[in-house]
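Asks: One structure, pasted below without further comment.
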Amino acid sequence: MKKLIAAALAAVVLSTSAAFADARVQVGRLSCDVDGGVGFIIGSSKDMTCKFIRKGHKTEVYYGNIKKLGLDIGVTGNTRIEWLVFSASSTKVGKGSLKGTYVGGSAEASLGAGLGANWLIGGSKRGFALQPWSIQASTGVNLTWALSGLTLE
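Take the sequence shown: its letters are residues 15 to 167, numbered as in my numbering.
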């Protein structure tokens, strides 16, 4: 299982480097509130509501789901995740631009209060990256080291 996870993460990194051969440009911030839930040892699935905040534009609301496959043990309360959003300089950013699927990895730990990190890339035409390492704050008792998939609608 460890080799499978490592190989999948390597494939994600290698396949996304071409998408960001252009200079990356920060285009905003994505703030997500993730529902609490239970990690079922080999994975979890949690719903979320996100706000895409861009200077000089209306805030966009996205609904989504984050799934994790790998070590995911424990119970978490509601979690807040903050990402900086980057795009290739050639990618146009418009209403609904962040819709799509993102893949990458997650690591988190909590005992009462906790912290975590998520690395995800994808979206429309794989043109967006959610900050290589996000910051999240959570409550609960859990440990996660997993591949992650995030879908935004």
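The C-beta atom is built at its ideal place from N, Cα and C for all residues, glycine as well.
1) Buried or exposed, going by whether 16 or more other CB atoms sit within 10 Å of the CB of lysine 82?
2) Quick one: is valine 48 buried, meaning 16 or more other Cβ sit within 10 Å of its Cβ, or exposed?
3) Given a threshold of 16 other Cβ atoms within 10 Å of its Cβ, counted over all protein chains shown, does glutamine 40 qualify as buried or as exposed?
4) Can glycine 118 and glutamine 150 be called in contact, C-beta distance under 8 angstroms?
5) Tell me the residue span of the beta strand (DSSP E) that contains aspartate 61.
6) Specify the secondary structure class of serine 103 as computed by DSSP and reduced to three states.
7) To the nearest angstrom, how far is it from the Cα of leucine 161 to the Cα of lysine 69?
8) Counting along the chain, where does the beta strand (DSSP E) carrying glutamine 145 start and finish?
9) In three-state DSSP terms, what is serine 111?
10) Measure the beta-carbon distance from serine 101 to phenylalanine 142 and round it to whole angstroms, keeping in mind my assumption that it falls under 8 angstroms.
11) Hey, serine 59 and asparagine 79 are a contact pair by Cβ (cut 8 angstroms); roughly how many whole angstroms apart?
12) Suppose you measure from the CA of glycine 114 to the CA of glycine 126; what does that come to, to the nearest Å?
Replies: Answer, in terms of the structure:
1) Taking the sequence shown and counting its residues from 1, the one referred to as residue 82 is at position 68. Lysine 82 should be labelled buried.
2) Position 34 of the sequence shown holds residue 48. With 16 or more Cβ atoms within 10 Å of its Cβ, valine 48 is classed as buried.
3) For the purposes of this step, residue 40 is taken as residue 26 along the sequence shown, with counting starting at 1. It counts as exposed.
4) Along the sequence shown, read from residue 1 onward, the residue named residue 118 stands at position 104. Along the sequence shown, read from residue 1 onward, the residue named residue 150 stands at position 136. Contact flag unset, no.
5) Position 47 of the sequence shown, counted from the start, is the residue given in the question as residue 61. Where aspartate 61 is concerned, the enclosing beta strand (DSSP E) stretches over 51-67.
6) Looking up residue 103 in the sequence shown gives position 89. Three-state result, serine 103: coil.
7) Counting from one through the sequence shown, the residue named residue 161 turns up at place 147. Counting from one through the sequence shown, the residue named residue 69 turns up at place 55. If you take the alpha carbons of leucine 161 and lysine 69, they lie about 31 angstroms apart.
8) In the sequence shown, residue 145 corresponds to position 131, counting from 1. Here glutamine 145 belongs to no beta strand (DSSP E), and DSSP marks it neither H nor E.
9) Here residue 111 is taken as the residue at index 97 of the sequence shown, counted from 1. In this structure, serine 111 counts as coil in the three-state DSSP scheme.
10) By 1-based counting over the sequence shown, the position of residue 101 is 87. By 1-based counting over the sequence shown, the position of residue 142 is 128. Yes, they are in contact, since the Cβ atoms of serine 101 and phenylalanine 142 sit about 5 angstroms apart, within 8 angstroms.
11) Along the sequence shown, read from residue 1 onward, the residue named residue 59 stands at position 45. Along the sequence shown, read from residue 1 onward, the residue named residue 79 stands at position 65. At roughly 6 angstroms, the Cβ-Cβ gap stays under 8 angstroms, so serine 59 and asparagine 79 are in contact.
12) Translated into positions along the sequence shown, residue 114 becomes position 100. Translated into positions along the sequence shown, residue 126 becomes position 112. Approximately 33 angstroms between the Cα atoms of the pair.
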